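S.K.: Starting off with a structure, shown below.
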Amino acid sequence: MPKIQRLSQGLVNKIAAGEVIERPASVVKELMENAVDAGATRIDVSVASGGVEMIRVADNGCGIAADELELAVASHATSKIASADDLFAVGTLGFRGEALASIGEVSRLLLRSRTAQDPGGVQIEVVGGRSSGVSPCGCPVGTTVEVRSLFFNTPVRRKFLRSTQTELGHTSEAFARIALARHDVHFTLKHNDRELFDMPQSAGWLERIVAVAGRQLAESLMWVESEDGPVRLSGYVAHPSQSRGNTRLQYLFLNGRCIRDRSLQHALGEAYRGLLMTGRYPIAFLALELPPEMVDVNVHPTKLEVRFQDLGRLYSQLLSTLRSKFLTTDLTTRVERSTDEDPTQAIDEEAAGRLRQQVVDWAKGKIESWGELPAPAAAAGDQFGGLPEPAGGARPLELAALDRHWAPADGDEPTEPPSEASPPSPPSSRPSAWPSKALQVHNRYLVAESDEGMVVIDQHALHERILYEHLRQRVLSGAVESQSLLMPEPVDLSPVEAAAALEHAELLARLGMKIEPFGGDTVLISAYPAMLANVSPAAVLHGLVEQLLGEGKAPDRRDLLDKMLHAVACKAAVKAGDRLAPEEVEALLGQRHLIDDAHHCPHGRPTAVVFSREELDKHFKRI
Ligand code: ADP
Ligand code: MG
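Numbering (the working numbering), first residue to last: 17 to 639.
Written as structure tokens, this is what we have:
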């Protein structure tokens with residue numbers, strides 16, 4: 017065994033740095049937090065090459081006095097806490113006194129600062145943990161920290177850095193989290209001298225959310241608030257028509273600090289249960305205010321996670337606040353309005369939407385018995401008026417998604433006889449048993465007779481699935497039809513979106529979408545997928561870019577292509593609400609052979625549900 021010895025301060029600092037500084041975004045976070053703690057009203061962040069080359073954060077806060085400058089960059093030196101008791105009443109973002117020392121250990125750090133009392137500024141440089149000593153310099157009141165060559169002396173860490181685009185994504189995210197927490201502060205972010213964000217001080221939180229997340233998303237937000245003793249929960253949650261494929265847009269702020277908490281995210285998901293499709297996640301901007309002694313923020317090196325004294329109670333508060341909001345809000349109407357342009361259809365659509373939800377829930381097995389259903393809307397039309405009548409003591413109608421029939425593609429499937437004990441499994445059928453004629457109801461479902469009974473098809477889901485398969489085969493064989501635009505169309509994107517789109521231009525081209533840079537954050541669409549002739553090229557590009565940015569880290573190329581195929585298919589498919597001519601219905605049903613896995617649309621919703629004849633007979637008390 018080698019002898020035990022104390023580690024040098026430099027090594028201790030490097031180990032500590034490893035915990036706190038993982039990538040450029042970590043530096044941006046720590047420096048911005050320091051600026052906020054210093055009471056700054058304006059914070060300018062500027063990065064080069066995603067932050068790998070250079071990060072500069074300038075603030076107009078209180079500044080650091082000349083005689084404290086050495087201490088500021090020393091480890092375990094802080095002005096924010098003095099005793100152990102303070103640890104449980106932390107009112108600042110920082111308190112560990114480690115950030116500047118850690119950053120200085122693994123980069124070239126230059127700090128310039130001046131307090132309002134001092135006539136001139138002072139500066140200090142730290143290179144790989146070695147400080148140059150303090151010297152005078154000219155600078156305005158406040159602090160500017162510049163960090164260059166991050167990880168120049170820790171090559172292993174440097175190797176872990178990803179592409180500029182990915183690092184910039186993390187950096188923007190770190191920036192956004194702090195900007196969202198403090199709408200009373202003016203923030204700017206520049207990348208390679210291009211301005212990505214300029215967010216002046218704003219009077220309300222919503223305005224800041226618009227600046228970060230865009231107006232379209234912000235328009236779908238609903239205000240929620242509640243109080244439970246000293247705990248206050250408030251903020252915005254998105255209407256279920258807006259959701260994401262990941263939890264990235266779930267922001268939770270605890271006393272002004274952006275945190276992640278799996279339990280509370282779970283509560284959020286629970287509140288939306290049944291309102292979102294599988295694989296989709298809610299969007300939320302929520303602020304929790306509670307007395308500092310009710311939470312321990314000193315459990316995670318970057319303070320991203322905290323420990324609550326009574327997590328169970330918070331969980332319930334979050335869940336019940338959202339639930340009661342949803343119960344008192346007519347969610348259906350807004351969905352319909354956003355998807356259907358025709359306002360005269362609103363009432364009918366609303367009722368139909370409710371019915372659709374019931375059918376979907378029913379198909380998913382969510383609703384045990386018809387007795388629990390809200391009264392079916394009479395306005396929904398005669399065809400459905402009498403269907404879901406709760407019959408006292410009657411067994412619930414069974415309904416089987418088509419996948420149960422098609423799962424085994426070969427051989428003879430045993431058909432179980434219907435019995436009281438287990439719900440009867442429907443007789444086997446093959447896609448060939450599908451009808452070619454169907455009745456369109458509510459401009460969204462196709463109802464048809466099938467060999468075994470009756471099939472109800474979701475027109476959008478089926479079409480989407482067909483288009484997806486068609487497109488996938490085309491892409492794989494390199495034969496996507498692309499339509500050139502006579503007048504190439506310029507599309508304004510956000511800086512991060514533009515960078516992502518251009519970086520993946522080749523992938524987009526495989527889908528038939530040709531783009532090129534057009535200065536600033538504008539890209540030019542010169543050709544786009546022919547199957548999307550009815551959709552505006554800009555809308556298609558926006559949809560695809562959302563897929564590109566969906567993942568925090570660089571996604572696997574195949575996954576990405578698949579996601580893009582889904583996005584295009586979804587855009588191109590007929591919508592719920594589109595009236596179809598009989599020939600169109602026939603054509604749609606006629607293309608079903610393109611699908612070998614026809615029972616789900618790419619989003620995971622069933623494309624069709626089957627009512628077996630036995631079940632119908634049973635329902636009408638014929639057997
Ligand atoms: P912590 O924030 O946990 O105290 P840091 O290493 O981030 O530790 O900073 C050390 C100290 O340097 C802070 O406590 C603060 O007094 C001072 N400091 C750092 N950044 C700034 C700034 N931008 N403006 C004023 N003071 C600062
Ligand atoms: Mg700090």
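Glycine included, every Cβ here is placed at the ideal spot set by N, Cα and C. Remember, it's a predicted structure, so these values are computed and weren't measured experimentally.
#1: Count the other CB atoms within 10 Å of the CB of GLY136; is the residue buried (16 or more) or exposed (fewer)?
#2: Under a Cβ-count criterion, where at least 16 other Cβ atoms within 10 Å of its own Cβ denotes burial, should VAL491 be classed as buried or exposed?
#3: Is it buried or exposed for ILE31, if we count other Cβ within 10 angstroms and need 16 for buried?
#4: Under 8 Å: do the segment 193 to 204 and the segment 217 to 227 share three or more Cβ pairs, one atom per stretch?
#5: Starting from the C-beta of SER452, find all residues in its chain whose C-beta is less than 8 Å away, skip the five residues before and the five after it, and write them out in chain order.
#6: Would you kindly check if the distance between the Cβ of MET238 and the Cβ of THR344 is under 8 Å?
#7: Check whether the Cβ of ASN314 sits closer than 7 Å to any heavy atom of the ligand MG, and report yes or no.
#8: Check each candidate in VAL226, ILE59, SER510 and LEU280 and name the one with the smallest Cα separation from GLY535.
#9: Any idea what DSSP makes of MET70, helix, strand or coil?
#10: Near SER242, which residues of its chain fall below 8 Å by C-beta distance, leaving aside the five closest residues on each side in sequence?
#11: Starting from ASP508 and walking both ways along the beta strand (DSSP E), at which residues does that stretch end?
#12: Rounded to the nearest angstrom, what separates LEU280 and ILE194 at their Cα positions?
#13: May I ask which residues mark the beginning and end of the beta strand (DSSP E) holding ARG130?
#14: Thinking just about the alpha-carbon of each residue, which of ASN550, LEU524, MET547 and ARG128 is nearest to the one in LEU540?
#15: Going by DSSP in three states, GLU321 sits in which element: helix, strand or coil?
#16: Can you tell me which of ILE97, ALA64 and LYS637 puts its alpha carbon nearest to the alpha carbon of VAL314?
#17: Closer than 7 Å to a non-hydrogen atom of the ligand MG - does that hold for the CB of ASN50?
#18: How many Å lie between LEU455 and SER500 at the Cα?
#19: Would you check if there are 3 or more beta carbon pairs closer than 8 Å linking the segment 553 to 562 to the segment 513 to 523?
#20: Bridge partners for PHE301 per DSSP, in chain order?
#21: Report back the beta-carbon spacing between LEU462 and ALA585 to the nearest angstrom; my notes put them in contact at under 8 Å.
#22: Nearer than 7 Å: is that true of the beta carbon of ALA115 relative to any heavy atom of the ligand GDP?
#23: The alpha helix (DSSP H) spanning GLU513 covers which residue range?
#24: Is it right to say MET17 is buried, meaning 16 or more other beta carbons lie within 10 angstroms of its own, or is it exposed?
#25: Whole angstroms is fine: what's the gap from GLY144's alpha carbon to ASN50's?
#26: Can you tell me the Cα-Cα spacing of GLU630 and HIS316, whole angstroms?
#27: Quick one: grab the DSSP three-state call for THR182.
#28: Touch check for the segment 316 to 331 and the segment 223 to 240: three-plus C-beta pairs under 8 Å?
#29: Which term fits PHE342, buried or exposed, when burial requires 16 or more other beta carbons within 10 angstroms of its beta carbon?
#30: So for TYR484, helix, strand or coil by DSSP?
#31: If you reduce the DSSP assignment to three classes, tell me which class ARG231 lands in.
#32: Using 8 Å as the threshold, is the C-beta distance between THR94 and GLY110 below it?
#33: Please classify THR159 as buried or exposed, where buried requires at least 16 neighbouring CB atoms within 10 angstroms.
#34: Could you tell me which of MET503, PRO504 and GLN489 sits nearest to GLU497, measuring between CA atoms?
#35: Spatial neighbours of VAL376 within its chain, please: C-beta separation below 6 Å, excluding the five flanking residues on both sides.
#36: Output the distance between the C-alpha atoms of GLU162 and ALA74, rounded to the nearest integer angstrom.
M.R.: Let me spell this out:
#1: Exposed.
#2: buried
#3: The C-beta of ILE31 has fewer than 16 other C-beta atoms within 10 Å across all chains shown, which makes the residue exposed.
#4: yes
#5: GLU602, LEU605 and GLY606
#6: no
#7: no
#8: SER510
#9: strand
#10: ARG248, LEU249, SER250, GLN333, SER336 and THR337
#11: DSSP places ASP508 inside the beta strand (DSSP E), whose first and last residues are 498 to 508.
#12: 20 Å
#13: 124 to 130
#14: LEU524
#15: coil
#16: The question names Val, yet the displayed sequence has Asn at residue 314. Nearest option by C-alpha distance: ILE97.
#17: yes
#18: Rounded to whole angstroms, LEU455 to SER500 spans 37 Å at the Cα level.
#19: Three or more pairs of CB atoms, one per stretch, sit closer than 8 Å, so the segment 553 to 562 contacts the segment 513 to 523.
#20: TYR252 and TYR267
#21: 18 Å between Cβ atoms; not a contact.
#22: Absent from the structure shown: the ligand GDP. Ligands present: the ligand ADP and the ligand MG.
#23: 511 to 519
#24: exposed
#25: Here the alpha carbon of GLY144 sits roughly 21 Å from the alpha carbon of ASN50.
#26: 59 Å
#27: THR182 falls in the helix class under three-state DSSP.
#28: no
#29: By the neighbour-count rule (16 or more Cβ atoms within 10 Å), PHE342 is buried.
#30: DSSP places TYR484 in the helix class (H, G or I) of the three-state scheme.
#31: ARG231: helix per DSSP, three-state reduction.
#32: Yes, the pair counts as a contact, with Cβ atoms nearer than the cut-off.
#33: buried
#34: Here the closest residue by C-alpha is GLN489.
#35: Low local confidence applies: a pLDDT of 49 at VAL376 is under 50, so the model's placement there is unreliable, with the coordinate-based value given in what follows. Nothing listed; no residue qualifies.
#36: 8 Å
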